[in-house]
Structure formats: C-alpha cells, structure tokens
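Structure, as structure tokens:
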Amino acid sequence: MRNMIRQTLGTSIALRFSAVIALAGLLTLPAFGHINPALAARRAQAKNNSNELGFRENCDNAVSQIDMAINNVRARLLTGGDAWWDSNDARYVVPKVPPGVPEVSSIFSGAVWLGGVDPGGNLKVAAQQHGRSSGDFDFFPGPLNPETGKIEKETCAKWDKFFVVNGERIQEHLRNWNQAQVEGREYREEDIPKDVRGWPARGNRFFEDIHQFQLPNTRQGLAGFYDQNGNGDYEPDLGDFPVIEIRGCDEPQFPDQMTFWIYNDAGNIHAQSQGSPIQMEVQVQAFAYATNDEINDMTFQRYKLINRAIESIDSTFFAMWV
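Numbering follows the numbering used here, in which position 303 of the sequence shown is assigned residue number 290; successive positions increment by one, without gaps.
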C-alpha cells in the first residue's frame, strides 16, 4: 500500500491542480467586492430555490474540529466542507513540534468545491472559501436520506462529529479475534476495542449503543471495512475490521490512524456561494501513517461523492480549493 502511495504521489498532485483549474472555469465567485449582473441574478434565483429547503431542514452550521496527529503532521479536520484551519489560523503543522515550540503551517486553509448542471441546464454549486469565519456555509453535517435526498436538523446535529480508529486498535482486535478462533470460543463483545466496535460501517449492530443514534441503511455503504463472510454488513464480532477503501489494493489495508465523517450540501441554504443545492452527500476518509520516510510528513483524504437527488447531475467538477 505504501509503495502504491509513493508511485501515485506525483500523478495525484498533478490531477488535483488540474481539477482546480478546470473548476475555476466553471464557478464564478465574487472578488474584491464586485459582482456582475449575471452572477447577481443567478444568486437571487438560487436563494429563491433554496428558501423552501432552508425552512424545511434548517440544519445548524458545523462546529466540530479535531486534529489528526499520528505522525509528523498535526492537521486540523473540520466537519463543514473545509479543512486545515480553525476558522482563524492555519492548522496544517509540519513538522509537528512539541508544545510551547513555535509552529509553522504549510497550508492556510482549504475547502471542497463542487459544481454541475442538472437536466434542465441549471448550474448547481456548492463551494466555500473562508465562509466559516463569518458563519457562511455551503455544507452541513450528516448523511442525506437515501430515498428523499433530504436531512433533518436533528440528524445534522448528531452527525457533527468524527469517528476515529487507530491502527494499533485494529491490530489488537485481530489478535483477540484470532485467539478466539484458535480456542474455539465465541468472540466476546467486550474484547472488541471501542473504536473498532463503534466504526460507522453498514449494518454495525453495536453502533447505536455506543453513539446513541442509528446508522442509515444505504447501498452505497458508509465507512470502509473488510467483510470476512461477504454478507455486506460490518460485524466486528465475526472478524470484520475497518480498512481504507482504495481501488487496486488486493489485500485489505489499514493505516496508523483513520478518521471518517459525512457532510452534505442540502441541509440549509448555500450562504457562501448562493448556489442551488446539488443534494450531494460527501463521505470523507482521512488517514495517515507513522513511518521513517517521507510519508511520515503527509496526510491523505479520500472523498466519496453520492448524488442523492432524483435527477442526475452532469458536467460535474470536484476539487479542493487551497
């Protein structure tokens, strides 16, 4: 897995920045306070289109933040579509220095940009710059209803959180499970590490007891896992465990730390871009390795985009604005 990461680093960087350039041609965001008439008209129409959505769901803005710091990077993660800052200061610190030593951040901030065209030719946009500092968001916590493409305020609030699992806990889980198999006994719930037991993967029967709310039932799945018996449900008591969902990996892989969260662009009006909602659900898997090479100075984020709208979205662009 690490060799694959090394081989694809150059290609990934090139693809990321070409995507940003392509997206810049699709989206028009205001600069220096000037808004052209066409953009103003589109914003007004988008606001009208979003009013019903805002009154219906009216999710609160995302507030949760967490640091990924398993290796030589201390990277701030946020639940509202942006990353690497705390809404005021840059928080992608590398090298990770001890407390009290001045920090240097290599990135100020970043955010997801999404845009596409519906069958009627209408542009739909979800894009943020520094909206968090003023409370202007395009993204809101939580998964959308697979049937309706909508979300309730209570669901947003429950999902304004991160799910973190460390590689050493997965290794402990696999040791315990293998030992139970050798001894020919049932693998007990109390022997499963809590972060493995509470992983938000499809069909996890332990999830509600740990987090006090239910998982959605979606065929697109949730957090990645290795399915020992291939039945499609996450059953850690039967040996299933969290993994990175990466195409091309023949063997199940897990890093030294994994963080998972979900957000959407349909929980409220798009106060930052004023674009019409796409009804896109975004599942994020951030991960990092503690190594003795250059990967120790990196973090990775994998995005799964699921269109929950009834209609398709064409000519879609996705990129990180950085």
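Built from N, CA and C at the ideal position, the CB exists for glycine as well. A quick note: this is a predicted structure, and the numbers were derived from the prediction, not measured.
- Counting of Cβ neighbours within 10 angstroms places Pro86 among the exposed residues, the total staying below 16.
- The shortest CA-to-CA distance from Thr246 to any of Tyr290, Leu161, Ile256 and Leu225 is the one to Tyr290.
- Taking every protein chain shown into account, the CB of Pro130 has 16 or more other CB atoms within 10 angstroms, so this residue is buried.
- DSSP, read as helix, strand or coil, puts Glu268 in strand.
- The beta carbon of Ser120 sits closer than 7 angstroms to the beta carbons of Ser74 and Asn75 from its chain, once the five residues preceding and following it are set aside; these are given in chain order.
- With a minimum length of 3 residues, the unbroken runs of beta strand (DSSP E) contained wholly in the region 142 to 204 fall at 150 to 153.
- For the set Asn218, Gly211, Gly102 and Ser93, the Cα lying nearest the Cα of Pro229 is the one of Gly211.
- Scanning the region 95 to 146 from its first residue to its last, the whole beta strand (DSSP E) runs of 3-plus residues come out as 97 to 104 and 110 to 114.
- Considering only Gly136, Pro128 and Asn163, the residue with the shortest C-alpha distance to Lys148 is Pro128.
- Straight-line measurement puts the Cα of Arg61 at about 12 angstroms from the Cα of Phe274.
- Looking from the CA of Ala306, the closest CA among Asn279, Thr142, Trp100 and Arg63 belongs to Trp100.
- Annotation: the continuous beta strand (DSSP E) that includes Ser302 extends over Asp301 to Trp308.
- Taking the CA atoms as reference points, Leu110 sits about 14 angstroms from Asp252.
- Here DSSP, grouped into helix, strand and coil, assigns Asp252 to coil.
- Non-local beta-carbon contacts of Gln240 in its own chain, meaning distances under 8 angstroms to residues more than five positions away in sequence, involve Met(-12), Val230, Ile231 and Ile233 in chain order.
- Across the set Gly171, Glu170, Phe193 and Gly208, the C-alpha of Phe193 shows the shortest separation from the C-alpha of Glu177.
- For Ile293, the enclosing beta strand (DSSP E) starts and ends at Phe287 to Asn294.
- The three-state reading of DSSP puts Leu225 in helix, counting H, G and I together.
- In this structure Asp243 is in contact with Ile57, their Cβ atoms being roughly 5 angstroms apart against a cut-off of 8 angstroms.
- Of the residues assessed, Cys236 falls on the exposed side of the cut-off, its CB having fewer than 16 other CB atoms within 10 angstroms.
- Looking at the DSSP output, Val80 bridges to Arg61 and Ser92.
- Under the Cβ criterion (8 angstroms, minimum of three pairs), the region 161 to 180 does not count as touching the region 77 to 84.
- If the five residues before and after Thr286 are omitted, its C-beta is found closer than 7 angstroms to the C-beta atoms of Met55, Val60, Ala62, Ala273 and Ala275, all from its own chain and listed in chain order.
- For the pair Gly122 and Ala296, the CB atoms are not nearer than the 9 angstroms cut-off.
- In the DSSP annotation of this structure, the continuous segment of the beta strand (DSSP E) that includes Gln52 starts and ends at Gln52 to Met55.
- As DSSP reads the structure, Ala273 sits in a beta bridge with Thr246 and Gln288.
- About 28 angstroms separates the beta carbons of Arg206 and Pro180, which is beyond the 8 angstroms limit, so they are not a contact pair.
- One thing to note: Arg175 has its Cβ no nearer than 9 angstroms to the Cβ of Asp220.
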